[in-house]
Amino acid sequence: MPIEVNGKTFETDEEGYLANINEWEPGVAEVMAKEDELDLTDEHWDIINFLREYYEEYQIAPAVRVLTKAVGKKMGKDKGNSKYLYGLFPYGPGKQACRYAGLPKPTGCV
Amino acid sequence: MSDIKKFMYLNRRAPYGTIYAWESLEVVLIGAAFDQEVSLIFMDDGVFQLVKGSDTSQSDMKNFMPTYRTLGDYGVRHLYVDKASLEARGLTQEDLIEVAWEDFETEEEVDNIVEPVDADQVAQLMAESEVVFSF
Amino acid sequence: MADLHTVNKSPFEKNSLEAAIKFSLAGSSILLIEDGVYGAMKGTVAEDMVKGALGDRKVYALKSDVMARAIKADRIIDGIELVDYTGFVDLVEANDKVQAWL
Chain Z
1 MPIEVNGKTF
11 ETDEEGYLAN
21 INEWEPGVAE
31 VMAKEDELDL
41 TDEHWDIINF
51 LREYYEEYQI
61 APAVRVLTKA
71 VGKKMGKDKG
81 NSKYLYGLFP
91 YGPGKQACRY
101 AGLPKPTGCV
Chain P
111 MSDIKKFMYL
121 NRRAPYGTIY
131 AWESLEVVLI
141 GAAFDQEVSL
151 IFMDDGVFQL
161 VKGSDTSQSD
171 MKNFMPTYRT
181 LGDYGVRHLY
191 VDKASLEARG
201 LTQEDLIEVA
211 WEDFETEEEV
221 DNIVEPVDAD
231 QVAQLMAESE
241 VVFSF
Chain R
246 MADLHTVNKS
256 PFEKNSLEAA
266 IKFSLAGSSI
276 LLIEDGVYGA
286 MKGTVAEDMV
296 KGALGDRKVY
306 ALKSDVMARA
316 IKADRIIDGI
326 ELVDYTGFVD
336 LVEANDKVQA
346 WL
């Protein structure tokens, strides 16, 4: 189902992931979060931006296990754990945060 | 633990001409969710999968070469490369990407898990594996 | 009378390039595409065979496929010309027909 962001239409796949990662803009995350009734804080943006950088470098959306490890390495152990990440993204940091970041569904997520 | 098995992925195809290389990579990434001891062997045209500097900007293909560099994060312990296959293609380890590995609990680190091996070692490694997936 | 022979398989996996060289006439052109571009690399077991063909045939390689496969310009055998898609079309036009070695 396509989503509307600032008057622009973005195509998504049947699970709500952006069809074209290159079209992404921050408003996409805002609109998706609003639909999930979630307010995006700086902590959310840290993870979203981290995911976009990760994708840029490795051309892959990391599995949640890998995301947790990589966040821990970059931002410290207090953030690199599932409790913290699930606290931010209750639908699953892999799936939900990747969706907000415009990434495809992480490989290995079912 | 006895339920940890040694998995070996055998890669013998060039990266873009056929779908094998990408399929293998996807299976490795998906399979990483299960705690197994995973190694990859690259031989024949499979060694081309690890050559650095791929540029698909003028092609319609997704450049999945950078994804190999994340394999260490996915728990892959070894990327073995058949030396004879490299030599036949005029390649050396200098031409290949580097893949780092780190255990986040013990903080044990390996800068590069890409390792050229000779044919005897390849045979031995495959014989020691409990499961070999061919691509 | 000249033909364009295209080769899209790796010379290390199939004998398509060997066959194209063996069965093409002097004055014809050989264009390496897809995995066929590995045949354009220096220092491989196929290099001598390709150099042999360069004596009386023109050999080309498709640039976008060369780039995707991480083959740097200085690793291409001397005498092989890189072409883009427009160059590919020009070669098709300049020759009587295209013969594909799969």
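Protein sequences appear in the order of chains Z, P and R.
As numbered in the working numbering, residues 1 to 110 make up the first sequence, in order.
As numbered in the working numbering, residues 111 to 245 make up the second sequence, in order.
As numbered in the working numbering, residues 246 to 347 make up the third sequence, in order.
The beta-carbon is built from N, C-alpha and C at its ideal position, and this holds for glycine as well.
Note that the structure is predicted; figures quoted are calculated from it, not measured.
Which of helix, strand or coil does DSSP assign to M286 (chain R)? Position 41 of the third sequence, counting from 1, holds the residue named residue 286 (chain R). Strand.
Give me the residue from P:P125, P:A198 and P:Y126 with the minimum Cα distance to D293 (chain R). Residue 293 (chain R) sits at position 48 when you count from the first residue of the third sequence. Selected option, being the one with the closest Cα: P:A198.
Let me know if E279 (chain R) comes out buried or exposed under the rule of 16 or more other beta-carbons within 10 Å of its beta-carbon. Sequence index remark: in the third sequence, residue 279 (chain R) carries index 34 (1-based). Answer is buried; the Cβ neighbour count reaches 16.
I'd like the list of long-range same chain contacts for D145 (chain P), defined as Cβ closer than 8 Å, with 5 residues on each side in sequence excluded. Walking along the second sequence from the start, residue 145 (chain P) turns up at place 35. Only I114 and G185 meet the Cβ criterion.
What residues match up with F89 (chain Z) in a beta bridge as DSSP calls it? Here the question's residue 89 (chain Z) lines up with position 89 in the first sequence. DSSP lists no partner for F89 (chain Z).
Rounded C-alpha distance that separates E133 (chain P) from D310 (chain R): Taking the second sequence and counting its residues from 1, one reaches residue 133 (chain P) at position 23. Taking the third sequence and counting its residues from 1, one reaches residue 310 (chain R) at position 65. One C-alpha to the other measures close to 20 Å.
Give the secondary structure of Y184 (chain P) by DSSP, where H, G and I count as helix, E and B as strand, and everything else as coil. Here the question's residue 184 (chain P) lines up with position 74 in the second sequence. In the structure shown, Y184 (chain P) sits in coil (DSSP, three-state: anything other than H, G, I, E or B).
Quick one: what does DSSP say T9 (chain Z) is sitting in, helix, strand or coil? Taking the first sequence and counting its residues from 1, the one referred to as residue 9 (chain Z) is at position 9. Strand at T9 (chain Z).
My output table needs one value for E258 (chain R): the three-state DSSP class, helix, strand or coil. Against the third sequence, residue 258 (chain R) aligns to sequence position 13. Coil, per DSSP.
What does F257 (chain R) touch in chain P if you count any residue whose Cβ is under 8 Å from its own? Within the third sequence, residue 257 (chain R) is the residue found at index 12, counting from 1. In chain order: D154, D155, A198 and R199.
Other residues of its chain near M286 (chain R): CB distance less than 8 Å, five sequence neighbours each side excluded: Counting from 1 along the third sequence, the entry for residue 286 (chain R) is found at position 41. E292, I316, R320, I321 and I322, listed in sequence order.
Closest residue to H188 (chain P) among P:Q159, P:A229, P:L235 and P:T202 (Cα-Cα distance): The count along the second sequence starts at 1 and reaches residue 188 (chain P) at position 78. Checked all of P:Q159, P:A229, P:L235 and P:T202; the closest Cα to H188 (chain P) is P:L235.
How many Å lie between G155 (chain P) and M175 (chain P) at the Cα? As a working note, residue 155 (chain P) is residue 45 in the second sequence. As a working note, residue 175 (chain P) is residue 65 in the second sequence. A small correction: the amino acid at residue 155 (chain P) is Asp; Gly does not occupy that position in the sequence shown. Between D155 (chain P) and M175 (chain P), the C-alpha separation is close to 15 Å.
Here's a check: name, in chain order, each residue in its chain whose Cβ is nearer than 6 Å to the Cβ of A306 (chain R), leaving out the five neighbours to either side. Your numbering for residue 306 (chain R) matches position 61 in the third sequence. So the list reads L277, V282, A285, I325 and L327, once near-sequence residues are dropped.
From the DSSP output, which residues share a beta bridge with T68 (chain Z)? Looking up residue 68 (chain Z) in the first sequence gives position 68. Partner(s): none; T68 (chain Z) has no beta bridge.
Might you give, ordered along the chain, the residues of its own chain that have their beta carbon closer than 6 Å to the beta carbon of K116 (chain P), omitting 5 neighbours on each side? Here residue 116 (chain P) corresponds to residue number 6 of the second sequence, with the count starting at 1. These residues qualify, in order along the chain: E147, S239 and E240.
Considering only the alpha carbon of each residue, which of Z:T107, Z:P93, Z:L18 and Z:K105 lies closest to D46 (chain Z)? Residue 46 (chain Z) sits at position 46 when you count from the first residue of the first sequence. Ranking the options by Cα distance to D46 (chain Z), first place goes to Z:P93.
Put N253 (chain R) into one of helix, strand or coil per three-state DSSP. For the purposes of this step, residue 253 (chain R) is taken as the residue at position 8 of the third sequence. Coil, per DSSP.
Between Y84 (chain Z) and chain P, is there a C-beta pair that is closer than 9 Å? Translated into positions along the first sequence, residue 84 (chain Z) becomes position 84. Taking Cβ atoms only, chain P never reaches closer than 9 Å to Y84 (chain Z), which makes this a no.
Report all residues from its chain with a CB closer than 8 Å to the CB of N222 (chain P); omit the five preceding and five following residues, and keep chain order. The residue labelled residue 222 (chain P) in the question sits at position 112 within the second sequence. The residues are E208, V209 and A210.
Proximal residues of chain Z, C-beta to C-beta of Y119 (chain P) below 8 Å: What you label residue 119 (chain P) is simply residue 9 of the second sequence in a count that begins at 1. Neighbours of Y119 (chain P) on chain Z: none; closest Cβ ~15 Å, over 8 Å.
To the nearest angstrom, how far is the alpha carbon of D205 (chain P) from that of P125 (chain P)? For the purposes of this step, residue 205 (chain P) is taken as the residue at position 95 of the second sequence. For the purposes of this step, residue 125 (chain P) is taken as the residue at position 15 of the second sequence. Computed Cα separation, rounded: 15 Å.
Taking C-beta to C-beta, are N253 (chain R) and L347 (chain R) nearer than 9 Å? Working through the third sequence from its first residue, we reach residue 253 (chain R) at position 8. Working through the third sequence from its first residue, we reach residue 347 (chain R) at position 102. The answer is yes: Cβ separation under 9 Å.
What does the alpha-carbon distance come out to for the pair V31 (chain Z) and G80 (chain Z)? On the first sequence, residue 31 (chain Z) is found 31 positions in, with the first residue counted as 1. On the first sequence, residue 80 (chain Z) is found 80 positions in, with the first residue counted as 1. Spanning the two alpha carbons is a distance of roughly 26 Å.
Given this structure, state the Cα-to-Cα distance separating A229 (chain P) from D183 (chain P), to the nearest angstrom. Along the second sequence, read from residue 1 onward, the residue named residue 229 (chain P) stands at position 119. Along the second sequence, read from residue 1 onward, the residue named residue 183 (chain P) stands at position 73. Approximately 28 Å, taken between the alpha carbons.
Whole-Å CB distance - V71 (chain Z) paired with L85 (chain Z), under 8 Å assumed: The residue given as residue 71 (chain Z) occupies position 71 in the first sequence. The residue given as residue 85 (chain Z) occupies position 85 in the first sequence. Sure, about 7 Å apart at Cβ, within 8 Å.
Check this for me: beta carbons of S274 (chain R) and A247 (chain R), under 9 Å apart or not? Taking the first residue of the third sequence as 1, we reach residue 274 (chain R) at position 29. Taking the first residue of the third sequence as 1, we reach residue 247 (chain R) at position 2. Against a cut-off of 9 Å, the Cβ pair of A247 (chain R) and S274 (chain R) comes out as a contact.
Tell me whether A298 (chain R) is buried or exposed, calling it buried when 16 or more other Cβ atoms sit within 10 Å of its Cβ. Stepping through the third sequence from its first residue, residue 298 (chain R) is reached at position 53. Label assigned to A298 (chain R): buried.
Return the first residue and the last residue of the alpha helix (DSSP H) that I140 (chain P) is part of. The residue given as residue 140 (chain P) occupies position 30 in the second sequence. I140 (chain P) -> alpha helix (DSSP H) spans Y130 to G141.
Kindly list, in the order they appear in chain P, the residues whose Cβ is closer than 8 Å to that of K317 (chain R). Position 72 of the third sequence, counting from 1, holds the residue named residue 317 (chain R). Simply G163.
Do you know how far the Cα of R99 (chain Z) is from the Cα of Y17 (chain Z)? Against the first sequence, residue 17 (chain Z) aligns to sequence position 17. Against the first sequence, residue 99 (chain Z) aligns to sequence position 99. Y17 (chain Z) and R99 (chain Z): Cα-Cα distance of roughly 5 Å.
Tell me which same chain residues have a C-beta within less than 8 Å of the C-beta of E218 (chain P), skipping the five on either side of it? Here residue 218 (chain P) corresponds to residue number 108 of the second sequence, with the count starting at 1. So the list reads E212, once near-sequence residues are dropped.
Which residue wins for smallest C-alpha separation from A271 (chain R), given the options R:T331, R:V304 and R:A318? For this step, residue 271 (chain R) is matched to residue 26 along the third sequence. With distances taken between Cα atoms, A271 (chain R) lies closest to R:V304.
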